[in-house]
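J.: What follows is a single structure, and I will ask about it in a moment.
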Amino acid sequence: MEKSFDYEMIGIGAGPYGLGLAAMLEQNEISALFFERRNSFAWHPGMLIENANLQVPFLADLATLIDPTSPYTYLNYLKVHNRLQKFFFYQRLEVPREEYSRYLEWVGQSLASVRLGHEVVAVEDDLESGGYNVHVKNLETQVVDSYSAKHIAVATGNEPSLPAGVEVDPEEGVFHSMTYMHNRELCRRASSVLVIGSGQSAAEIYLDLLTDQRTDSSRELSWVTRSPGFFQLESAKLGQELFSLDYVHYFHELSASARRDALPTLSQLRKGIDPETLRAIYDELYEQSIDHRLKTTIQAMASFVARQNKKVTFKQWQEDKEFSMNADVIIFATGDQPRLPDWIKANYSEKLTWEDEKAGEYAVDKNYRLQFKTPRDRHIYALTNLVHSHGAGATNLGLATYRNAQIVNDVAGSTIYDVPEKTVFQQFSPKA
9 MEKSFDYEMI GIGAGPYGLG LAAMLEQNEI SALFFERRNS FAWHPGMLIE
59 NANLQVPFLA DLATLIDPTS PYTYLNYLKV HNRLQKFFFY QRLEVPREEY
109 SRYLEWVGQS LASVRLGHEV VAVEDDLESG GYNVHVKNLE TQVVDSYSAK
159 HIAVATGNEP SLPAGVEVDP EEGVFHSMTY MHNRELCRRA SSVLVIGSGQ
209 SAAEIYLDLL TDQRTDSSRE LSWVTRSPGF FQLESAKLGQ ELFSLDYVHY
259 FHELSASARR DALPTLSQLR KGIDPETLRA IYDELYEQSI DHRLKTTIQA
309 MASFVARQNK KVTFKQWQED KEFSMNADVI IFATGDQPRL PDWIKANYSE
359 KLTWEDEKAG EYAVDKNYRL QFKTPRDRHI YALTNLVHSH GAGATNLGLA
409 TYRNAQIVND VAGSTIYDVP EKTVFQQFSP KA
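Per my numbering: the sequence shown ends with 440, consecutive numbering throughout.
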């Protein structure tokens, strides 16, 4: 007789990816429990800058693209909160980031299968059942409980990526963009602030501080990036089709080397700045320059070299020339990287098939299952750390809905969700 499990699936992390999967499983009465170490569902609280919008249309919520009738859609959230008519007159596809965060909180609070303030400290094979034993710490009581699951879903998100040798310390005036709103007052009190990076987060922070200089023009504000320039996000409609389900499937079928070669180009399309943000920055620069009170430096093609006290050294890599500037506060908007649980390496390093173990890039099949050297029918599903296997679109909120639908179908062993094919106009592989 097959051993019974406490849950069909246990999920680790309840950001948008994990939350969306938890909602689909609960809606279809598949037993699951998701653990989130934070105490709230707030989405990137350190970057909830006033007037900042989501970079994708609201249709990329937790459910709409795969099931518009789901009770967990953004439109249903608006209806429940009596905001649907207001939204109708708002007439925008890109919604306020603050409201999207509130929407995630609403979904999370609606689910019985999600527990906040709990950290999964270990996952190990249950040799008797072929499933998994999951050990979870209640961060309030410090009590560790254990559960059994047939499958595991890893949705542990990302953590700050920093230049080699850099350590964040807000008291020393150094922090990552992920915590900007928590350290905003520190910036306002400083006489000089330096933003490093050229993605959307860097641009939003720079715009926020630049706008603040209208009322405090004594602060020196600098924006530096190693990129060749401050470029916009790919917004052409055909270009956006690289973030489609069709392209994800095409990309996954490529060889590991071909995928690796394609990623730099795809990353440039994904990591640009929203055109509206760039326009707002330029307008603000122009208007503040009218009376010559503008105090800012904008420098591209400059790689961070070192920081000593308030002196920051860069190298202009095209000219091979070093230069320095002083800054009371340094904000590293240098992106993020997948957060891999320690137990993956500790308990499964020798069992998994890796594409690049040093880089933490495990082999993942088309249904988002980690590949083991010895095949198994009890799976660990990856919801994050998928760029190497499924392309830059793996981080797209809308594509996460399709990914979760595939996982639910796979866990159920039947087609609960009809995952579409041929969803875009262009083809990526010529017809045979």
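Even glycine gets a Cβ: it sits at the ideal position worked out from N, Cα and C.
In or out: K158 buried (at least 16 other Cβ within 10 Å) or exposed?
T.: buried
J.: So, at 8 Å on beta carbons, what are the nonlocal neighbours of P283 in its own chain, with the 5 sequence-adjacent residues on each side left out?
T.: Q240, L241, S243
J.: Just curious, the beta strand (DSSP E) that E136 is in, first and last residue?
T.: Run containing E136: none; DSSP gives neither H nor E here.
J.: In terms of alpha-carbon separation, which member of A310, V432, R301, Q316 lies closest to W325?
T.: Of the candidates A310, V432, R301, Q316, the residue whose Cα lies closest to the Cα of W325 is A310.
J.: Suppose you measure from the CA of V151 to the CA of R347; what does that come to, to the nearest Å?
T.: 24 Å
J.: Can you tell which of S357, L378, A172, F433 has its C-alpha closest to the C-alpha of V162?
T.: L378
J.: Taking the Cβ atom as the reference point for each residue, do T431 and D69 lie within a distance shorter than 9 Å?
T.: no
J.: Pick helix, strand or coil for Q3, following the three-state DSSP scheme.
T.: In the structure displayed, the chain extends from 9 to 440; residue 3 sits before or after that span and is not available.
J.: How about I18 and Y155: are their beta carbons less than 9 Å apart?
T.: Taking 9 Å as the Cβ cut-off, I18 and Y155 qualify as a contacting pair.
J.: From which residue to which residue does the alpha helix (DSSP H) around K94 run?
T.: Residues 92–98.
J.: If you draw a straight line from the alpha carbon of S444 to that of E167, how long is it in whole angstroms?
T.: Lying outside 9 to 440, the shown extent of the chain, residue 444 is not represented and no answer is given.
J.: Is DSSP giving N84 helix, strand or coil here?
T.: N84 falls in the helix class under three-state DSSP.
J.: Just to confirm my understanding: we take Y85, look at its own chain, exclude 5 residues before and 5 after, and list those with CB closer than 6 Å. What are they?
T.: Y111, W114
J.: In whole angstroms, what is the alpha-carbon distance linking E148 and F96?
T.: 42 Å
J.: Hey, would you say L119 sits closer than 9 Å to E249, going by beta carbons?
T.: no
J.: If you compare alpha carbons, which of G139, S397, A288, W351 is closest to A266?
T.: Checked all of G139, S397, A288, W351; the closest Cα to A266 is S397.
J.: Determine the extent of the beta strand (DSSP E) in which A266 is found, giving its start and end residues.
T.: Bounds of any beta strand (DSSP E) do not take in A266; it lies within the alpha helix (DSSP H) bounded by 264–278.
J.: If you check the beta carbons only, do Y356 and N375 fall under 9 Å apart?
T.: no
J.: Going by CA-CA distance only, name the one from V419, E228, V320, A371 that's closest to T305.
T.: E228
J.: Please name the residue in V416, G421, A420 whose C-alpha comes closest to that of I74.
T.: V416
J.: As a quick exercise: from I352, G406, S252, pick the residue whose alpha carbon is nearest that of E429.
T.: S252
J.: Determine the DSSP secondary structure at N417, reduced to helix, strand or coil.
T.: helix
J.: Taking the DSSP output, what are the residues bridged to F251?
T.: Per DSSP, none; premise fails for F251.
J.: Do P178 and L202 have their beta-carbon atoms positioned less than 9 Å apart in this structure?
T.: no
J.: Going by beta-carbon coordinates alone, are V88 and L62 separated by less than 9 Å?
T.: no
J.: My output table needs one value for M9: the three-state DSSP class, helix, strand or coil.
T.: Low confidence applies here, because M9 scores a pLDDT of 44, under 50, leaving its location unreliable and the question unanswered by this model.
J.: Along the chain, where does the beta strand (DSSP E) containing V115 start, and where does it finish?
T.: Premise fails: V115 lies in the alpha helix (DSSP H), 105–118, not in any beta strand (DSSP E).
J.: Is it true that the CB of K145 sits closer than 9 Å to the CB of V122?
T.: no
J.: Would you say Y294 and G401 are within 9 Å of each other, going by their C-beta atoms?
T.: no
J.: What does the alpha-carbon distance come out to for the pair M32 and V395?
T.: 23 Å
J.: Verify whether the separation of the beta carbon atoms of L246 and Q435 is less than 9 Å.
T.: no
J.: Along the chain, where does the beta strand (DSSP E) containing W362 start, and where does it finish?
T.: 362–364
J.: Going along the chain, which residues of its own chain have a beta-carbon closer than 6 Å to the beta-carbon of M9, five neighbours each way excluded?
T.: Bear in mind that the predicted position of M9 carries a pLDDT of just 44, short of 50, making it unreliable; the figure below should be weighed with that in mind. If we look at M9 and ignore the five residues flanking it on each side, it has no Cβ neighbours.
J.: With a threshold of 9 Å between beta-carbons, can G205 be considered close to chain C, or not?
T.: This model lacks chain C altogether, as it is built from one protein chain only.
J.: So does the segment 181–189 actually touch the segment 332–339, counting three or more Cβ pairs closer than 8 Å?
T.: yes
J.: Work out the CA separation of A71 and L83 for me, nearest whole Å.
T.: One alpha carbon belongs to L83, the other to A71, and they sit about 10 Å apart.
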